[in-house]
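Have a look at the structure below, then the notes.
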Amino acid sequence: MNSIEVNNLTKVYDSRFKKNAVTALKDFNLNVESGSIFGLLGPNGAGKTTLIKILLGITFPTKGSASILGEDISNYNVRKKIGYLPENHKFPNYLTGPEVLTYFSKLSGYENPNLNIRIDEMLALVKMDQWKKMKIKKYSKGMMQRLGLAQAMINDPELIFLDEPTDGVDPIGRKEIRDILVDVKNQGKTIFLNSHLLSEVELITDRVAILNKGIMLREGDVKELTISKELFKITIKGEPDEDNIKSALQDFLISKLEKNIVYVKLDSSDEIDKVIDSLRKNNFSILSVENQKNTLEDMFISLINETEKKI
Amino acid sequence: MKNILTLSQYTFREAMARKIFLTFFAVSSFVLILFVILFVSVSIEEMASMISVNGNEAFDFISKIVEVMKIAIIAPLFVGGLFLSIFSASSFIPNMLEKGSIDLLLSKPVSRAQIILGKFFGGFAIVLLNIAYLVVGLWLLIGVKFNVWDTSILLSIVMISFTFAVLYSLIILVGILTRSSILAMMLTYIIFFILSPVLLLRDKISILIDNVVVEYLLDGLYYIIPKTAELSNININIAQGLGIDEYQPIISSFLFMILTLALSITIFNKKDY
Ligand SMILES: Nc1ncnc2c1ncn2[C@@H]1O[C@H](COP(=O)(O)OP(=O)(O)OP(=O)(O)O)[C@@H](O)[C@H]1O
Ligand SMILES: [Mg+2]
């Protein structure tokens with residue numbers, strides 16, 4: 004089953020002057036499977052926040068349709084089962100942490116006779132229990148973010164949208180948040196994540212989509228995306244001539260060549276034998292062969308660069 | 004319904020948390036204290052001797068002085084109370100529409116109409132409470148001092164709050180359209196202090212200018228714009244127990260309020276945040 008389905012979604016932000024209109028999303032399609040962690044990646048202004056806002060009825064689509072938890076997005080009642088942490092969120096600053104959670108659980112229509120216990124649990128989960136009496140206006144950025152996460156989970160939602168959840172949080176806190184998210188996923192909930200921190204996304208997401216200028220560039224399993232083309236680092240003994248290496252490996256894709264170190268990109272790891280054979284045939288002696296897995300970040304950067312060139 | 008209630012409740016809390024409403028209460032309390040001091044330091048006999056009447060007419064005199072006092076209190080109360088209320092309510096909508104707050108609010112299972120109505124009733128409730136505090140306080144003081152327990156002054160609470168509700172609907176509309184509390188406040192003050200009193204004199208102005216177009220324009224404006232000047236007169240009359248001789252200003256202002264709220268909801272329903 005899919006928790007989110009998006010069909011041909013287009014969003015144009017109109018401007019008083021036609022030429023300033025921004026197409027934030029263009030014919031966007033997406034399905035997010037229930038019970039998974041999905042990461043939406045993309046550079047600043049790619050349209051990530053816009054997508055979440057449309058799904059939650061904050062902004063309206065120009066064209067196309069979408070549903071969450073099987074209901075059309077225009078049905079606001081479905082949001083009872085949704086949690087949301089907006090980017091740069093603001094809470095009523097005259098309230099304390101527990102009061103904020105009470106307020107938003109009421110607005111979410113969340114019924115729980117033991118709400119106070121739930122609030123305490125949530126505050127403990129995000130390590131905010133020692134600041135229960137402090138007013139929001141005195142919070143630091145990381146504290147705001149932690150309370151924001153608690154807020155997004157207070158109503159025990161089925162589907163949680165998080166826009167840059169670790170923004171402003173210290174490294175230990177980020178690890179804690181990742182653990183919380185994995186935990187929540189293991190309870191069968193779906194998490195939709197917007198982030199720039201690719202190394203983090205890589206650690207917890209099941210699937211990712213990469214978006215640039217409102218257009219979906221790629222979508223898939225994190226593992227598939229990062230290993231699809233394998234990169235090998237081969238170190239050659241001595242000080243070999245670069246041109247000789249190139250001619251020896253002319254059937255293969257060399258992604259980088261630095262003195263005695265050559266990086267080759269292969270379609271499958273089985274081909275590495277052939278690479279070594281070619282090098283040996285040309286009398287190079289090999290010091291080491293290492294499998295360089297692409298990080299999500301490498302993949303992201305090269306993908307974005309490729310498309311930037313085309314446009 | 005529950006959503007509207009929750010939203011009103013928190014609008015109320017927001018107002019309480021802001022110093023401006025404390026100021027409102029402080030000013031009201033200050034006015035009440037002034038009257039306590041006045042009533043304690045000046046005896047009824049002294050007041051009577053100031054206007055030189057003899058004992059037989061004492062009862063008549065008391066009701067007369069209470070009448071005068073009521074007029075002297077009610078008219079400034081209307082202006083002052085509304086001035087402060089408009090000032091304090093003008094930032095509700097722009098605050099709510101701030102980036103980061105509105106996103107969160109709209110992501111909850113609440114309709115946009117419920118949000119507007121929640122803000123409306125919350126703001127209304129706090130003004131009602133403030134005005135009631137002041138008017139009931141004055142009523143009690145007058146009652147204790149002169150032993151005159153005339154409830155018609157309490158009707159002022161209804162009239163002032165009603166006038167506020169009408170103006171508040173405009174504050175909400177301007178807030179939704181421009182996100183500017185200053186603009187909402189200015190426009191409301193202009194109607195309250197200038198347009199409505201001027202339009203009340205439109206017959207005289209028409210005679211002066213003697214131009215059919217101007218006449219129609221003034222007439223048109225008169226019927227569109229909330230008639231706060233007339234509501235103020237009605238307020239003075241009912242506070243004296245004189246009743247209401249013309250309902251048109253009340254009905255047309257009420258219609259203005261309903262239409263303005265409906266328009267606010269319609270516009271809010273279509274806006275991207
Ligand atoms: N309310 C708005 N009015 C007009 N244009 C907007 C509005 N909101 C966003 N945009 C534009 O839409 C595009 C996408 O913005 P969006 O906020 O979705 O990007 P994002 O991917 O979330 O970026 P970031 O990583 O910086 O948060 C940008 O060009 C932005 O300028
Ligand atoms: Mg964003």
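Chains as they are written, first to last, in the working numbering: chain A, 4 to 314; chain B, 4 to 276.
Just so you know, even glycine gets a beta-carbon here, dropped at the ideal spot from N, CA and C.
Exercise for the section: Pick out whichever of B:Lys5, B:Ile134, B:Ile208 and B:Leu100 has its Cα sitting closest to the Cα of valine 34 (chain B). Expected result: Closest option to valine 34 (chain B), judged by alpha-carbon separation, among B:Lys5, B:Ile134, B:Ile208 and B:Leu100: B:Ile134.
Handout entry: Near-chain A residues of the stretch 14 to 34 of chain B (beta-carbon distance less than 9 angstroms), N- to C-terminal order
Key = Arg16, Glu17, Met19, Ala20 and Arg21
Practice task
Compute every distance between the C-beta of asparagine 3 (chain A) and the non-hydrogen atoms of ligand 2, then say whether any falls below 8 angstroms.
Solution key: Because chain A spans 4 through 314 in this model, residue 3 (chain A) falls outside it and cannot be assessed.
Practice task
Tell me, please, which residues DSSP counts as bridged to leucine 170 (chain B).
Solution key: Note: leucine 170 (chain B) sits in no beta bridge, so no partner.
Problem - Short Cβ contact (9 angstroms threshold) for tyrosine 276 (chain B) with isoleucine 118 (chain B) - result: no
Problem - glutamate 17 (chain B) versus valine 69 (chain B): straight-line alpha-carbon distance, rounded - result: Distance between the alpha carbons of glutamate 17 (chain B) and valine 69 (chain B): 38 angstroms.
Problem - Classification of glutamate 233 (chain B) by the beta-carbon crowding that lies within 10 angstroms, buried from 16 upward - result: buried
Practice task
Decide if the stretch 33 to 44 of chain A is in contact with the stretch 183 to 202 of chain A; the criterion is three or more beta carbon pairs, one per stretch, under 8 angstroms apart.
Solution key: yes
Practice task
Can you grab the Cα-Cα spacing for the pair aspartate 270 (chain A) / asparagine 308 (chain A), in whole Å?
Solution key: 21 angstroms
Problem - Pick from B:Ser32, B:Leu87, B:Ile76 and B:Met72 that is closest to methionine 189 (chain B), judged by C-alpha positions - result: Checking every option, the nearest Cα to that of methionine 189 (chain B) belongs to B:Leu87.
Exercise for the section: Specify, as a first and last residue, the run of the alpha helix (DSSP H) that glutamine 148 (chain A) falls within. Expected result: 144 to 156
Practice task
Return yes when the C-beta of glutamate 114 (chain A) is under 8 angstroms from any heavy atom of ligand 2, and no when it is not.
Solution key: no
Practice task
Say yes only if the C-beta of alanine 69 (chain A) is nearer than 8 angstroms to one or more non-hydrogen atoms of ligand 1, and no if none qualify.
Solution key: False, no ligand heavy atom lies under 8 angstroms from that Cβ.
Practice task
Give the interface partners of threonine 166 (chain B) over in chain A, defined as CB-CB distance under 7 angstroms, in chain order.
Solution key: Chain A residues near threonine 166 (chain B): none, gap ~28 angstroms exceeds 7 angstroms.
Exercise for the section: Check the C-beta distance from glycine 67 (chain A) over to asparagine 5 (chain A) and give it rounded, since I have them as a contact under 8 angstroms. Expected result: Contact flag wrong, Cβ pair sits at about 16 angstroms.
Exercise for the section: Could you tell me whether the stretch 157 to 177 of chain A touches the stretch 89 to 104 of chain A, using the rule of 3 or more Cβ pairs below 8 angstroms? Expected result: yes
Exercise for the section: Count the C-beta pairs between the stretch 119 to 130 of chain A and the stretch 93 to 107 of chain A that are closer than 8 angstroms, then say yes if the count reaches three, no if not. Expected result: yes
Practice task
For valine 82 (chain B), I'd like the list of residues in its chain whose CB is within less than 8 angstroms of its CB, leaving aside the five on either flank, ordered along the chain.
Solution key: Annotation for valine 82 (chain B): Ser235 place their beta carbon closer than 8 angstroms to its own, counting only its chain and skipping 5 residues before and after.
Handout entry: methionine 189 (chain B) - DSSP class collapsed to helix/strand/coil
Key = helix
Problem - lysine 262 (chain A) (DSSP reduced to helix, strand or coil) - result: Note: lysine 262 (chain A) maps to coil in three-state DSSP.
Practice task
Could you tell me the boundaries of the beta strand (DSSP E) in which valine 211 (chain A) lies?
Solution key: 210 to 215
Exercise for the section: Please report the residue range of the alpha helix (DSSP H) in which methionine 318 (chain A) lies. Expected result: Any question about residue 318 (chain A) goes unanswered here, given that chain A covers just 4 to 314.
Exercise for the section: Return no unless some Cβ of chain A is closer than 9 angstroms to the Cβ of glutamate 101 (chain B). Expected result: Among the residues facing chain A, glutamate 101 (chain B) is included, as its CB has a counterpart in that chain under 9 angstroms away.
Practice task
Following the continuous beta strand (DSSP E) through isoleucine 7 (chain A), name the residue where it begins and the one where it ends.
Solution key: 5 to 16
Exercise for the section: Taking only heavy atoms of ligand 1 into account, decide whether any of them is closer than 8 angstroms to the Cβ of alanine 27 (chain A). Expected result: yes
Exercise for the section: Using a cut-off of 8 angstroms between C-beta atoms, extract the partners of leucine 128 (chain A) located in chain B. Expected result: In chain order: nothing, as chain B lies at least about 20 angstroms away.
Exercise for the section: Report all residues from its chain with a CB closer than 6 angstroms to the CB of lysine 29 (chain A); omit the five preceding and five following residues, and keep chain order. Expected result: Thr13, Gly217 and Ile218
Practice task
Could you tell me whether any Cβ in chain A is nearer than 9 angstroms to the Cβ of methionine 104 (chain B)?
Solution key: In the sequence on display, residue 104 (chain B) carries serine and not methionine. Output row for serine 104 (chain B): interface = yes.
Handout entry: Residue closest to lysine 56 (chain A), alpha-carbon to alpha-carbon, out of A:Glu36, A:Ser39 and A:Ile85
Key = A:Ile85
Problem - Interface residues of the stretch 104 to 130 of chain B facing chain A [CB-CB below 8 angstroms] - result: Ser104, Ile105, Asp106, Leu107, Leu108, Leu109, Ser110, Lys111, Pro112, Val113 and Ser114
Problem - Closest by C-alpha distance to leucine 282 (chain A), when choosing among A:Ile71, A:Ile248, A:Val292 and A:Asn294 - result: A:Ile248
Problem - Coil, strand or helix - glutamate 233 (chain A) by DSSP - result: Glutamate 233 (chain A): strand per DSSP, three-state reduction.
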